[in-house]
Amino acid sequence: MAISQEVQAGLEQLAADGLYFAPVRHHSPACALALQALIREVRPAVVLIEGPDDFDALLPLLLDPATRPPVAILSQAALAEQQPREDAPPVGVRSAFYPFCDYSPEWVALREGHALGAQLAFIDRPWRGGEDHNEEVRSLMSERCLAHSEALKALAARSGCRDQDELWDHLFELRDAAGLRDWRRLFADVFAYCAMARAGYETAVLEADGSLPRERHMAAHLRAWRARTAGAIVVVTGGFHTIALQQMLELDAPPAEAVAGKRIGNWLIRYSFDRLDALSGYAAGMPAPAYYQWVWDSANAAADGPALLDVAAGALTALARQSRELGLAEQLSTADVQAALLQAARLAELRGHAGPGRQDLLDAVRSCFIKSAIDDGTGGLAADVQRFLGGSKLGDIPPSAGSPPLVEDARRTAAQMRIRVDDSLPRIVRLDLYRKERHRARSRFLHLMAYLDTGLAQWQSGPDFIGGASLDMLTEEWRVAWNPMVEARLIELATLGPSLSAVAMARLRKEQHQLAVQGQGRSAAQAVDLLTRACLIGLHRQLPALLELISSILDEDANAGSVIACAHKLLLLWRGREPLGLQEHPQLRRLLLQAWRTALFLMPQLAQMKQDEETAAVESLRSMHTLHGALRKLVDDEVDHSLWRQHLRRLAATPEAPGVGSAAGAMLFIDGSWNEAQLAAMLQACFGPGALPGDAVRALKGLMAAAPELLLTQASLRTALNAVMAGWDEQTFVSFLPDLRQTFTALRPRETAELAEALTGARQDTLLAELHYDATEADLLAGAAMQAALADSLARDGLGAWLGAPGTSGAPHD
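Residue numbers (numbering that gives the first Met the number 0): 0 to 813.
Given below as structure tokens:
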């Protein structure tokens, strides 16, 4: 039978024998209005809704007067073939959302059916995550088949629509009030629209993506309800499934199909407009949910609604007011609003719409609000408009919904910390860590939520106590937004404990245990990171155990780099003890001294590093030098300065590690332990006659890493370095040029200019100081190689004297 005949048969069956099919697009106000009219006219005995049938247990909560959309059913499952994770059971967790807003046809079906006393039931296959191995979180209202339909894309192009959302509005949402409530005509058109999309999919594809198994399950429910129901039945499903359900209705019941995966639970949770917005990636959403909420409210305010022109006027006025209050990309005036409203009305009339629709409104905004080229800084207006029309409304659920204690604890704590939980609008939170204890408490809460990977807060800037960066900053900045994904993650974590502190403690103790059992591979530096993390997230009752763990690891850690890093991190903790809440822990001071003594004991290892580890060894030595300077101010009488200087002298006299040795010598000099003669002796050994080019470059790198200012202040160093390089041939110079360039990046731009001036003064070469070239490193290397090749060519031709090379006669060849 041809598809046109199938569609015709399906159209005739939309309302037959007391069974009324309502093919809908999820979250469509037009479909919701038509369904409202259908239920009020037919007054069914039963309303059946596409959705996992184990959601029936949540019907009392959905129908509770305190439930206010947007809300969603969160369903979680553990895949059967996955092994449990140790850190966050249950494992292999997959999450899915089944959202409702005021204008979702499914929500209207529940509310209207309940008001008439109809029986309500979900009829779809239970969701266990089995078909969704590649998705951590998905929508149970996905309309990907419609979105990817080639037929609908072609129809959009023929209709002059830019995409399928505009096509849908043009065909359905922008009918007049009577047309929106003419459910027979509207559902017939939706049925044909979706049947056209379905015709482009092969049976094997629909079987593989789970569509056919779901439809067989729903058809079995329909047969059962039809057999035991005397009154009318309304069936509300996505339009893509309607024709298949009709065809399966008279077939024999298929055998029950096993559903892969294990159910964890279903919860009713709050949801938000930004998660419903198709423009944010929601596979089943309508774009601009706040706009369609205004349309829905207008439609229900009067029998001849929606008043689309009034909706457009209200939206434009509110956008203009918000642009002035919030300082959006464009400041909009009353004249701008009037011009845009007139433009939207004329576009709607031109396109045959009952009034201005979403796309008419957007086109008018682009035409009237953007007054210059979009690349002149007005591109941000498009994002502002999208956020405005998308909205940030967050729904609510009754207390009887019974959220896990962890979710309640997080909400309560967030409210105490003045974090908004009533909408999902991202906000910037700035905290003064050093002067306000209340801000420090908020910081610990945000760090805690970030540590648990809830998605509530993203750190933007401030002191990084774990990484050791930006510690001079006094304030911290976060980007904070409470959205449904936060609650979904908290529900997943709820098996670990009833409170945020309990869950964080469980995770921290697990990391602590893993570190404690690592044996020879234990790192003192990692243990300090764990201590810092505990401070940041407010688990201060765990600090004594962590301090003891660090002490025991220091007694066993035989890696100099790890111990030095540990000592440096402990110094950072000491400096930040006030915002980190470490003032009342005197153990930290003792631990800092223990780390210093252990680092001194292991310090000779730095001279035994391999050549490719020398940079790390120099960095460790720099950390020790910084630590020594700090300890002199903190606990000078408890620091063995003589042993520190003794180790530095031994390192400076180690020829096997020229980088470490030169760095040690530089530190001795700048600390006043060496005089200029001793420094000159070291420089002579590094850069004097007989110095190997590779060793000289390594020594220079170590020296520049430790004390780059010496190259500017010590003329003898520049002279020695020049002498070494003058003895290199071109090939040697070219081979070491990348290392030299990297080494000199230790100088600031002004210092580089001073060094260039000093060098050119010594050579009487003013060109170097006066000319600047835009050249890459590759250009310089190619130029140096070309210069070497040119010198060889001139030498072969007897023109070496032109280069000033000694020992050449300069007699040209004939």
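Glycine included, each C-beta is placed from N, C-alpha and C at the ideal position.
Item                                                                                                                                                                                              : Value
Does the distance from the C-beta atom of residue 53 to that of residue 125 stay below 7 Å?                                                                                                       : yes
Name the two residues that bound the continuous beta strand (DSSP E) containing residue 46.                                                                                                       : 45 to 51
Could you tell me the distance, in whole angstroms, from the CA atom of residue 111 to the CA atom of residue 33?                                                                                 : 12 Å
Tell me whether the beta-carbon of residue 263 lies closer than 7 Å to the beta-carbon of residue 77.                                                                                             : yes
If we ignore side chains and look at the alpha-carbon of each, how far apart do residue 56 and residue 349 end up?                                                                                : 49 Å
Straight-line CA distance for residue 629 to residue 782?                                                                                                                                         : 47 Å
Just the Cα atoms here: how many angstroms apart are residue 822 and residue 449?                                                                                                                 : Residue coverage of the chain in this structure runs from 0 to 813, which leaves residue 822 outside it and unanswerable.
Closer than 6 Å by C-beta to residue 804: which residues in its own chain qualify, once you throw out the five before and the five after it? Chain order, please.                                 : In this predicted model, residue 804 has a pLDDT of only 45, less than 50, meaning its place in the structure is not dependable; the value taken from the coordinates is given anyway. Excluding sequence neighbours, residue 804 sits near nothing in its chain.
DSSP beta-bridge partners for residue 460?                                                                                                                                                        : 476
Go to residue 236, then tell me how far its alpha helix (DSSP H) extends in each direction, as first and last residue.                                                                            : Unbroken run through residue 236 is the beta strand (DSSP E), 232 to 237; no alpha helix (DSSP H).
With DSSP as the reference, identify every bridge partner of residue 19, one or two as the case may be.                                                                                           : 14 and 233
I need the boundaries of the alpha helix (DSSP H) containing residue 738, first residue and last residue.                                                                                         : 729 to 743
Decide if residue 6 is buried, meaning its Cβ has at least 16 other Cβ atoms within 10 Å, or exposed.                                                                                             : buried
Tell me, please, which residues DSSP counts as bridged to residue 468.                                                                                                                            : 463
Starting from residue 516 and walking both ways along the alpha helix (DSSP H), at which residues does that stretch end?                                                                          : Here residue 516 belongs to no alpha helix (DSSP H), and DSSP marks it neither H nor E.
Hey, is the stretch 209 to 222 in contact with the stretch 176 to 189, meaning 3+ C-beta pairs nearer than 8 Å?                                                                                   : no
Using only CA atoms, which one of 591, 647 and 593 lies nearest to residue 606?                                                                                                                   : 647
Within its chain, find whatever has a CB closer than 6 Å to the CB of residue 413; leave out the 5 residues flanking it on each side and keep chain order.                                        : 420
Put residue 536 into one of helix, strand or coil per three-state DSSP.                                                                                                                           : coil
Could you tell me the boundaries of the beta strand (DSSP E) in which residue 75 lies?                                                                                                            : 70 to 77
Excluding sequence positions up to five away, which residues of its chain have a Cβ less than 7 Å from the Cβ of residue 311?                                                                     : 340, 343, 355 and 360
In the structure shown, what three-state DSSP assignment does residue 266 receive?                                                                                                                : strand
Taking the alpha-carbon positions, what's the residue 12 to residue 221 distance?                                                                                                                 : 14 Å
So, using beta-carbon positions, are residue 662 and residue 617 closer together than 7 Å?                                                                                                        : yes
Can you grab the Cα-Cα spacing for the pair residue 84 / residue 529, in whole Å?                                                                                                                 : Confidence in residue 84 is poor, its pLDDT being 43 and thus under 50, which makes the residue's placement too unreliable to answer from.
Determine which residues share a DSSP beta bridge with residue 814 and list them.                                                                                                                 : As shown, the chain starts at 0 and ends at 813. That puts residue 814 outside it, with no answer to give.
Would you say residue 108 and residue 235 are within 7 Å of each other, going by their C-beta atoms?                                                                                              : yes
With a CB to CB cut of under 6 Å and the five nearest residues on each side skipped, what residues in its chain are close to residue 42?                                                          : 115
Under the rule that 16 or more other beta-carbon atoms within 10 Å means buried, what is residue 102, buried or exposed?                                                                          : buried
Using the Cβ count rule (16 or more neighbours within 10 Å means buried), how would you classify residue 390?                                                                                     : buried
Assuming residue 533 and residue 447 make a contact with CB atoms under 8 Å, what is their CB distance in whole Å?                                                                                : Incorrect: roughly 10 Å between the Cβ atoms, too far for contact.
Please go through the same chain and pick out, in chain order, the residues whose beta-carbon is closer than 7 Å to the beta-carbon of residue 71, but skip the five residues on each side of it. : 96, 97, 98, 99, 268, 270 and 483
For residue 120, name the three-state secondary structure that DSSP assigns.                                                                                                                      : strand
Counting only C-beta atoms, is residue 352 closer than 7 Å to chain C at any point?                                                                                                               : Absent from the structure: chain C. Only one protein chain is present.
Restricting to runs no shorter than 4 residues, where is the alpha helix (DSSP H) found entirely within the stretch 539 to 604?                                                                   : 542 to 553, 559 to 574, 576 to 579 and 586 to 601
Quick one: measure Cβ to Cβ for residue 544 and residue 569, integer angstroms, because I've assumed they're closer than 8 Å.                                                                     : That pair is no contact at about 16 Å.
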